[in-house]
Amino acid sequence: MLNIGIMGCGRIGQVHGETLRGMTNARAAAVADAIPDAAEALGARLGARVMDTDTILADDGIDAVIIGTPTTTHYNLIHAAAAAGKAIFCEKPVDLSVDRIRDCLRAIDKASVPFMTAFNRRFDPNFAHLQRQIADQVIGSVELVTILSRDPAPPPIGYIRTSGGIFRDMMIHDLDMARFLLGEDPVELTAAGSCLVDPEIGEAGDFDTAVVTLKTASGKLCQISNSRRATYGYDQRVEVHGSAGMLRADNVLENTVELSNSDGLRRAATQPFFLERYSAAYRAEMEHFVQAVTLGAPVSPSGIDGLKAQILADAADTAARDNETKTLDLGAS
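Everything in the sequence shown is counted per the numbering used here, starting at 1227 for the first residue and increasing by one.
Set out below in structure tokens:
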């Protein structure tokens, strides 16, 4: 039984806690949060002890930690968890600074502890199946990847001001997905951003609508489209065109019932947001982490994956503001 301490009892900590409650080979042994009531509530639901983060890290009976606290706290918690010999499951982004991520990775390597960056979309059943089809050469050689990601509504402006911006907060998932599906790192990036949804977002120095184009050394292309607004629900689609065919993963709907009548065809709405859309992915990623740590196998996505996604997000933000193409060398990351 793998004993795990959950650090951060907000929305994502609760998701991971519920996942652990349904597992037979791992459990939430302890929880911690800067807001005592949040920790008490989650601890009571999971049957977990309520501690502070220092006590969790000092407890020899806890094998691993989930870092689901605000991004600004990740750096110190990663260093402390690595020094304590804990396996680490860390929500993205690892940090908003590439140099600080590299520093974290050095601490992890020195301690030789497992570290997983929680890019949950790799574990979505549809996207994972699509990637396996690519690996099996079902569509031949990949030529063009298209990723569409649109939120139903923008987050609060207070969140926008501290999130690092649309490329680092939202598109970072898609940048990781691009690497996952292309099968090689991009070497060139162009980007553009606009503020079309909420003027306050622009006043806060961010974009709410953005596009990125990536190109690999072999010439494969990827187009990513993001918006903070989709009036029809949570829009998450992927299309991969290859030399021998095309693969597509469409939106997950609330149900599969389709109405046909004299007015035409009507289908159900998309899942409302990420918690519903990616519920299976959250379960699968935690199962992977627990199994890998238990068996001593490699975890993926790794800290290097988190670093490369952050480098791409930084490059996209700079390219959009400077209106220039960025040359990349992720192999030197």
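Cβ coordinates follow ideal geometry from the N, Cα and C atoms, glycine included.
It should be emphasised that the depicted structure is a prediction, and the values quoted were computed from it without experimental measurement.
Starting from residue i, trace the alpha helix (DSSP H) in both directions and tell me its first and last residue.
| i | result |
| --- | --- |
| ASN1598 | Nothing about residue 1598 can be reported from this structure: the residues present for the chain run from 1227 to 1559 only. |
| ASN1352 | 1351-1361 |
| PRO1425 | 1425-1429 |
| LEU1408 | 1397-1408 |
Where do the ends of the beta strand (DSSP E) carrying residue i lie?
| i | result |
| --- | --- |
| ALA1344 | 1341-1344 |
| VAL1438 | 1435-1442 |
| PRO1380 | Element bounds for PRO1380: n/a, residue is neither H nor E. |
| ASP1461 | 1461-1468 |
| LEU1473 | 1471-1475 |
Between the beta-carbon of residue i and the beta-carbon of residue j, is there less than 8 Å?
| i | j | result |
| --- | --- | --- |
| ASP1432 | ILE1392 | yes |
| ASP1278 | ALA1308 | no |
| TYR1458 | ARG1503 | no |
| GLU1465 | THR1372 | yes |
| THR1343 | CYS1316 | yes |
| VAL1438 | ALA1417 | yes |
| SER1469 | ARG1376 | no |
| PRO1378 | GLY1532 | no |
| ARG1509 | THR1281 | no |
| THR1564 | LEU1415 | Here the chain has residues from 1227 to 1559 only, and residue 1564 is not among them. |
Which residue's Cα is closest to the Cα of residue i: the options?
| i | options | result |
| --- | --- | --- |
| GLY1243 | PRO1262, SER1375, ILE1292 and ASP1263 | ILE1292 |
| GLN1536 | ARG1405, ASN1352 and ARG1247 | ARG1405 |
| ILE1528 | ALA1306, VAL1339 and GLY1239 | Ile is not the amino acid found at residue 1528; the sequence shown has Ser there. Closest option to SER1528, Cα to Cα, is VAL1339. |
| GLY1522 | VAL1276, ASP1289 and THR1250 | ASP1289 |
| SER1505 | ALA1333, ILE1232, GLY1231 and ASN1346 | ASN1346 |
| ALA1252 | GLY1234, LEU1272 and ASN1487 | LEU1272 |
| ALA1254 | GLU1266, VAL1241, GLN1462 and ILE1232 | ILE1232 |
| LEU1556 | THR1544, LEU1538 and ALA1546 | LEU1538 |
| ALA1284 | ALA1306, TYR1301 and LEU1407 | ALA1306 |
| ILE1450 | GLU1429, ILE1398 and ARG1358 | ILE1398 |
| LEU1440 | LEU1401, ILE1314, HIS1467 and ARG1463 | LEU1401 |
Report task. May I ask you to verify whether the segment 1378-1385 touches the segment 1473-1491, counting CB pairs closer than 8 Å and requiring at least 3? Result -> no
Query raised in the report: Three or more beta-carbon pairs under 8 Å between the segment 1341-1352 and the segment 1539-1550, yes or no?
Result: no
Report task. Could you tell me whether the segment 1319-1333 touches the segment 1250-1269, where touching means 3 or more Cβ pairs closer than 8 Å? Result -> Remark: fewer than three beta-carbon pairs, one from each stretch, lie closer than 8 Å, so the segment 1319-1333 and the segment 1250-1269 are not flagged as touching.
Report task. Could I get the ranges of all uninterrupted alpha helix (DSSP H) runs contained in the segment 1502-1548, with 4 residues as the minimum, in chain order? Result -> The segment 1502-1548 contains these whole alpha helix (DSSP H) runs: 1505-1521 and 1529-1548.
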